[in-house]
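Enquirer: Each residue of the sequence shown is one higher than the one before, starting from 19 at the first, in the working numbering.
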Amino acid sequence: MIAVCRTRTLRTLRADLMTAEAEAEEPRREAEIVTDSAIRAETALEELRAELVRATADAARLEGELETLRAQSLLDTEDRQALRMLLRTVRKQSALTDRVYVLFHRGALHSVHATLDAAEAAAEAEGAPREGWTAHTPGAALPPAAEVLWRVQPLPLGGAR
């Protein structure tokens, strides 16, 4: 079927078509811009999700390391405390002793001790009375050894002055 159309009508239709195409061009551009923006937003969202997964994994790993470091810190603190205690013990034992305390029983050597208290305790363990210990005045004459039941006498060590 053939349609007959006047030139004037044809021109009017072509002008309307051009006007409609011109009017549709702006919404088309806007649609492309919106589509591009949506694509960029979706890409950014995927990147952010991937970053979130990495950050979550890093946080879990760092939390595990933190727990390990806390445990190590506690062990280090315990180690330092034990070392301090050992150092105190060594310092006490390595203090230079300038004398020893010799315990005599009726003038005969009974035992040698590091402290006066240790010597007296040893004599008390052998039956010496708890009271009655007297200190010897320097320069005074000692009573004969056979007359004294128990005597503690400080003696300087060889290299001490």
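Beta carbons are placed, not taken as given, at the ideal position from N, Cα and C, and that holds for glycine. Quick caveat, the model's predicted, so the values are computed rather than measured.
How would you write the range of the beta strand (DSSP E) that alanine 143 sits in, first residue to last?
Expert: As a working mapping, residue 143 is identified with position 125 in the sequence shown. Premise fails: alanine 143 lies in the alpha helix (DSSP H), 134 to 143, not in any beta strand (DSSP E).
Enquirer: Quick check: alanine 136 and leucine 167, are their CB atoms within less than 8 Å of each other?
Expert: Here residue 136 refers to the residue found at position 118 of the sequence shown. Here residue 167 refers to the residue found at position 149 of the sequence shown. Contact: no.
Enquirer: Run through DSSP, which three-state label would arginine 47 get?
Expert: For the purposes of this step, residue 47 is taken as the residue at position 29 of the sequence shown. In this structure, arginine 47 counts as helix in the three-state DSSP scheme.
Enquirer: Check this for me: beta carbons of threonine 115 and alanine 132, under 8 Å apart or not?
Expert: Indexing the sequence shown from 1 puts residue 115 at position 97. Indexing the sequence shown from 1 puts residue 132 at position 114. Cβ distance < 8 Å, so threonine 115 and alanine 132 count as in contact.
Enquirer: Using DSSP's beta-bridge definition, name the partner residues of proline 172.
Expert: Here residue 172 corresponds to residue number 154 of the sequence shown, with the count starting at 1. Looking at the DSSP assignment, proline 172 forms a beta bridge with Tyr119.
Enquirer: What's the gap between the Cα of leucine 227 and the Cα of leucine 92?
Expert: What is shown of the chain runs 19 to 179, which leaves residue 227 out entirely.
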